[in-house]
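4 protein chains.
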Amino acid sequence: MNIQQLIDDIAADVRPYLAQAAPADYIPALAGEDPQQFAMAVATLDGQLYATGHSDKRFSIQSISKAFMLARVLAVYGDALWQRVGKEPSGNPFNSLVQLEYEQGVPRNPFINAGALVVTDIALSQIGDSSSALRDFLREESAQPALDFDYVIAASESEHGHRNAALAHFMKSCGNLHNNVDQVLAHYFRACSLRMSVTELARAGLFLANHGASPVSGVQRLTRSQAKQINAIMLTCGTYDAAGEFAYRVGLPCKSGVGGGILAVLPGKMSIAVWSPGLDSRGNSLASLEALDRFTTRSGESVF
Amino acid sequence: MNIQQLIDDIAADVRPYLAQAAPADYIPALAGEDPQQFAMAVATLDGQLYATGHSDKRFSIQSISKAFMLARVLAVYGDALWQRVGKEPSGNPFNSLVQLEYEQGVPRNPFINAGALVVTDIALSQIGDSSSALRDFLREESAQPALDFDYVIAASESEHGHRNAALAHFMKSCGNLHNNVDQVLAHYFRACSLRMSVTELARAGLFLANHGASPVSGVQRLTRSQAKQINAIMLTCGTYDAAGEFAYRVGLPCKSGVGGGILAVLPGKMSIAVWSPGLDSRGNSLASLEALDRFTTRSGESVF
Amino acid sequence: MNIQQLIDDIAADVRPYLAQAAPADYIPALAGEDPQQFAMAVATLDGQLYATGHSDKRFSIQSISKAFMLARVLAVYGDALWQRVGKEPSGNPFNSLVQLEYEQGVPRNPFINAGALVVTDIALSQIGDSSSALRDFLREESAQPALDFDYVIAASESEHGHRNAALAHFMKSCGNLHNNVDQVLAHYFRACSLRMSVTELARAGLFLANHGASPVSGVQRLTRSQAKQINAIMLTCGTYDAAGEFAYRVGLPCKSGVGGGILAVLPGKMSIAVWSPGLDSRGNSLASLEALDRFTTRSGESVF
Amino acid sequence: MNIQQLIDDIAADVRPYLAQAAPADYIPALAGEDPQQFAMAVATLDGQLYATGHSDKRFSIQSISKAFMLARVLAVYGDALWQRVGKEPSGNPFNSLVQLEYEQGVPRNPFINAGALVVTDIALSQIGDSSSALRDFLREESAQPALDFDYVIAASESEHGHRNAALAHFMKSCGNLHNNVDQVLAHYFRACSLRMSVTELARAGLFLANHGASPVSGVQRLTRSQAKQINAIMLTCGTYDAAGEFAYRVGLPCKSGVGGGILAVLPGKMSIAVWSPGLDSRGNSLASLEALDRFTTRSGESVF
């Protein structure tokens, strides 16, 4: 398989999709991204890096941060985590209060917003300044000490974040947030505001492809079982209400963000990052999904 | 890896779990199974078959039949299928009417009961006598011409099947069942009543592990993409409301049945069948889940 | 108050509404009614009867039958009834399965379809041929021995009644229907198919306005408390998902049917029946609601 | 009817219920009330006042304030109100987020918490300092210039009010709160914290019994239609998830509060206030409901 050729072809093939989708419009900083942008990068376990498109452009990783934050908390806190958040896919949108109320404040999984708020809350209790710790982790794993938050985006999210505030207050009323609501929200929004490029993101995902051992930092970030677990949750819950569609078409563990990025993992082989700001109706990057579908279909590679 | 040794060890290790779970009690024919029974079989792509426990005892495969029926319908009817049933995991129990009503009679996925009824309905329209066709298919793929329905169980299910009748009538009222309600239910219950042993089941699952090409019958049952798709849906939706738990612990596409059986697939390598009648609170075989967890954890093999 | 003048004026005033609504279209026999028809009748406790419009035309009373069936069952079976059905208003449409599932097969109130099926089931157990008994009761209370079922409508409802069959099978699966599902449905549809005119209906409602004692038959049909109870349930639950709107605008206990009829009760004074086939978006007769609103607003009479 | 004798008898009869229920326990200030307290007062349109029990003891009126606030806003803002809140009974608990999400931030009625927050928001926009205005209104209508907030209770509610904060933030995210979330919550909690005795409360309710014209202040507080409307909403929505039970047993428009008080209205005749701190499972005062049931059953008086 000639990976460079493959992703260059894909970049050309998905071009028609760029005009069919618009960026997230709920905050100005995201809405302003040019939807014609596209980038894809593949980092292999043997140290190769392939990239195409706007691969050096940093974008807001948004919910992709949830996969890394979960990995950090699972490493530190272990299975005790699962007493505060479930690991089952949700049949409802990522910011729904309905299921949360029926399940009395215990979110269905760590990748819906409520679940990520609980993970952030645990991180605050266990690690302290959780958003800074996540930033430092990603700096190490992408070998890019310059990575940082986008404070404008974080502030904008906070200002428009009444839905997330509703989730947090509800869980606080159920006793499933231990720290101050405003503090949890601030760290959550800050972590989501991190900016990375697809090459940085693909590299940072390698420890998930390598059964927990990072070839970048040389650190064993997770046990083999924990890496399996994070990948399993990415596959079943990582792409909002479209996990079934992604599993069916792409067949890889993925985590997407409303900034238009998607991180995908092929265990034992490689980590893939794609970015294009235009979103489909379920909040995933339209062109990125098309690109990943083509990548696994043409290469014949997937977990299935 | 010494597979025979591994599954013999596992059979010994899960013995304490046998006493902790009771068989399904909603129909007498299932309730009467001795919960002390356990069997496990592994069929590899290179033609080996390993088995332990009550591996020749035939049991009611129940919902495992849904995976095979889906494979048949996908092969015949293709992606048109997805206009009548979704492919997203459900946040609700397998026989819930709630989600079905919110989604106006289009079931979330083909493995909840409502979805399987739609698949059966399509099979009736496309294939004719769908339950007999499924029996014949499984006779070929297990190389066991004696496989058959358990008419006592089918009749008993039918008699106690008011919940499934409610699902079917509701979908009929939405226009999403085309055949007669009673006929659809009869074929559904008959397919579920098929009796197979773990060795027969493991062998019958090989075409899913071999990207669609059956090493038993020599027939290409599905395209490579379709095999990926079936495995993806098994992983995200195959174990009732516990798909996340299975992905997390086992990390393989699985399909379970209330008869206590589970079929698991390791693409490119093997097919695994486990059986023990005692069920956990979510309707999956307790000892079979424990066995599969140990199998992937000790062997280090999983899709992740 | 000159009642005849008032209802004649109202008949003129609501004429523009007749063209704005269409009859129920789910069965041909109802869909064929001319939407230009309107009738209103008032029967007072002192024996007067006032009528305007097509007041001798018999129409399908449909769900209005539920109020009479409930009165019969409450008289015979007493408060034991409330162990099988609630008496709280429902926040969901009249034929919803959602709430029924959450409340494990115990319908919210006797006027949603599921609740009326339970009441019919109790009537079958307590009274025997429940639909014939209801017909005979209404013949006596309207002093019209010729009242009868419309067997064409009953058959048509049965043929298209998959939604009601779903409700019945679901409750059967929960153990809250004791008789055969098909038998319950048959009696339910037959009772709904009764044809009455507004004058007959207004007269038949007098026992509810007279604290249980019928001035027509001379029989004490309900105790004073039971009459209060039926009126209370009509006010809180009698008009599908619009009980609040009716209470707010009309301020009387009402029971409506998809045939376009509404029965209203002013306790201590009178019984009012209105009919016009065109329905609003919630399944109540548009012109009949307008007429009742005008009647209570102009007369200053209501329970509030 | 000898009202004094009747309520004295009732006070004796409900004594056994006092020990069967506990005060609201979610804030210390309410939890500390002695559950053995009971009081009942009746104010008639002809100026009589009857009282029994701890009738001078002021208690926290809590949600009873919602009826008065609604009356104030309806008088000022009129039917435009109903574009921001519904008037249908809710099938869900008073503080549920589920229905609110399905109905996209428009609360079902003004007496569930979400609805009362919207009414408070409108009051803030239309009247300014809404809680002080309500206090002044109640001072006039009870002829008690000393009535005031309980700032300790208001502060305690605010501290434990994460559930209400969740509702408010959710509606803010839907655009259905116009003022600052914290400001709306502060006025809401302050209005709920008002302390009144049953005699003061019964007197203050007289304008609702007198078709809008207050015999206390001599002011026409509502039009006849508006008084009917408020009473209608009290009857269908005024007692949390037990409106059907109240209508069935009591047959009067009622508004209850978790402080243990209930205000009931018999249009054209009288206003009744009852108080006892112990609550039943649905949040209404257990002994107060028993007392109102006996009052209407023995007197034969109710709206039905």
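Protein chains in written order, with the UniProt record's numbering: chain A, 1 to 304; chain L, 1 to 304; chain Y, 1 to 304; chain R, 1 to 304.
Cβ coordinates follow ideal geometry from the N, Cα and C atoms, glycine included.
Keep in mind it's a predicted model, so treat the numbers as computed, not measured.
State yes or no: is the C-beta of Arg195(R) within less than 7 Å of the C-beta of Ser55(R)?
no
For the segment 230-242 of chain R against the segment 281-291 of chain R, are there 3 or more C-beta pairs whose distance is under 8 Å?
-> Yes, since at least three Cβ pairs between the segment 230-242 of chain R and the segment 281-291 of chain R fall closer than 8 Å, the two stretches touch.
At a Cβ cut of 9 Å, what residues of the segment 236-254 of chain A count as close to chain L, listed as they run along the chain?
-> Thr236, Cys237, Asp241, Ala242, Ala243, Gly244, Glu245, Phe246, Ala247, Tyr248, Arg249, Val250, Gly251 and Pro253
Problem - Secondary structure of Gln104(Y), DSSP reduced to three states - result: coil
Practice problem: Spatial neighbours of Ile211(A) within its chain, please: CB distance less than 6 Å, with the 5 preceding and 5 following residues excluded, ordered by chain position. | Solution: The question names Ile, but residue 211(A) is His in the sequence shown. If we look at His211(A) and ignore the five residues flanking it on each side, its Cβ neighbours are Arg224 and Ala227.
Could you check the C-alpha separation between Leu18(Y) and Gly278(Y) for me, to the nearest Å?
Rounded to the nearest angstrom, the two C-alpha atoms are 7 Å apart.
| query | Quick one: which chain L residues come within Cβ less than 8 Å of Ala39(Y)? | reply | Result: empty, since nearest Cβ-Cβ is about 32 Å, beyond 8 Å.
When the cut-off is 7 Å and only beta carbons count, does Leu124(L) lie next to chain Y?
-> Leu124(L) does not count as touching chain Y.
> Does the beta-carbon distance from Ile64(L) to Arg294(L) come in below 7 Å?
Replying inline: Their beta carbons are not under 7 Å apart, which means Ile64(L) does not touch Arg294(L) by this criterion.
For the segment 159-176 of chain R and the segment 170-177 of chain A, state whether three or more C-beta atom pairs, one from each stretch, are separated by less than 8 Å. yes
Quiz item: Closer than 7 Å, CB to CB, is Val42(R) near chain Y or not?
Solution: no
Per DSSP, what kind of secondary structure is residue 313(A) in: helix, strand or coil?
-> This structure cannot settle anything about residue 313(A), because the visible part of chain A is limited to 1 through 304.
_Expected contact under 8 Å - CB spacing of Ala154(R) and Arg190(R) to nearest Å_ = 5 Å
Proximal residues of chain L, C-beta to C-beta of Glu103(Y) below 9 Å: Ordered by position in chain L, no residue passes the 9 Å Cβ test against Glu103(Y), which lies about 12 Å from the chain.
Q.
Spatial neighbours of Leu134(A) within its chain, please: C-beta separation below 7 Å, excluding the five flanking residues on both sides.
A. Ser65, Phe68, Met69, Arg72 and Ala191
| query | Which same chain residues, not among the five before or five after residue 307(R), have their C-beta less than 7 Å away from its C-beta? | reply | In this structure chain R extends from 1 to 304, so residue 307(R) is not present and cannot be described.
Q. Alpha carbon to alpha carbon, what distance is there between Ile262(Y) and Val274(Y)?
A. Straight-line measurement puts the Cα of Ile262(Y) at about 5 Å from the Cα of Val274(Y).
In chain order, what residues of the same chain lie with their CB nearer than 8 Å to the CB of Asp150(R), ignoring the 5 residues before and after it?
Ala29, Ser60, Ser193, Leu194 and Arg195
Handout entry: Residues that Phe189(Y) contacts on chain L, provided the C-beta gap is smaller than 7 Å
Key = Near Phe189(Y) there are no residues of chain L at all, since even the closest Cβ is about 14 Å away, more than 7 Å.
Would you identify the three-state DSSP class for Thr239(Y), choosing helix, strand or coil? DSSP, reduced to helix, strand and coil, places Thr239(Y) outside both helices and strands of the structure shown, so it counts as coil.
Just the C-alpha distance for Gly268(A) and Leu45(A), rounded to the nearest angstrom, thanks. Using only the alpha carbons, I get a separation of about 7 Å.
Report yes or no: is there a C-beta of chain Y within less than 7 Å of the C-beta of Arg163(L)? yes
Strictly under 7 Å for the Cβ-Cβ distance: is Val14(R) near chain Y by that measure?
no
At 7 Å on the CB atoms, spell out the chain A contacts of Ser158(R), in chain order.
Going along chain A, no residue has its Cβ under 7 Å from Ser158(R), so there is no contact; the nearest lies around 12 Å.
**Asked** What residues are listed by DSSP as bridge partners for Ala22(R)?
**Response** Leu279(R)
_My output table needs one value for Ser256(A): the three-state DSSP class, helix, strand or coil._
strand
### Query
Does the distance from the CB of Pro35(A) to the CB of Pro23(A) come in under 7 Å?
yes
- Just to confirm, are Ser288(Y) and Thr296(Y) a CB contact at a threshold of 7 Å? no
Spatial distance of Gln4(A) from Val14(A) (CA atoms): 16 Å
Review point. Is the CB of Ser173(R) under 7 Å away from at least one CB in chain A?
Key: Answer yes: the Cβ-Cβ gap between Ser173(R) and chain A drops below 7 Å somewhere.
*Please state if the CB of Val98(R) and the CB of Pro110(R) are separated by a distance shorter than 7 Å.*
Not a contact, by the Cβ cut-off of 7 Å.
| message | Taking its Cβ as the centre, do 16 or more other Cβ atoms sit within 10 Å of Asp79(Y), making it buried, or is it exposed? | response | That one is exposed.
Q | Phe137(R) versus Phe207(R), Arg58(R) and Ser256(R), residue with shortest Cα-Cα distance | A | Phe207(R)
Requested in this report: Please name the residue, chosen from Ile272(A), Glu200(A) and Asn95(A), that lies closest to Leu147(A) on a Cα-to-Cα basis.
Outcome: Selected option, being the one with the closest Cα: Glu200(A).
Inset, instruction - Please classify Leu134(A): does DSSP put it in a helix, a strand, or coil? - result: helix
> Is there a Cβ from chain R that is less than 7 Å from the Cβ of Ala11(A)?
Replying inline: no
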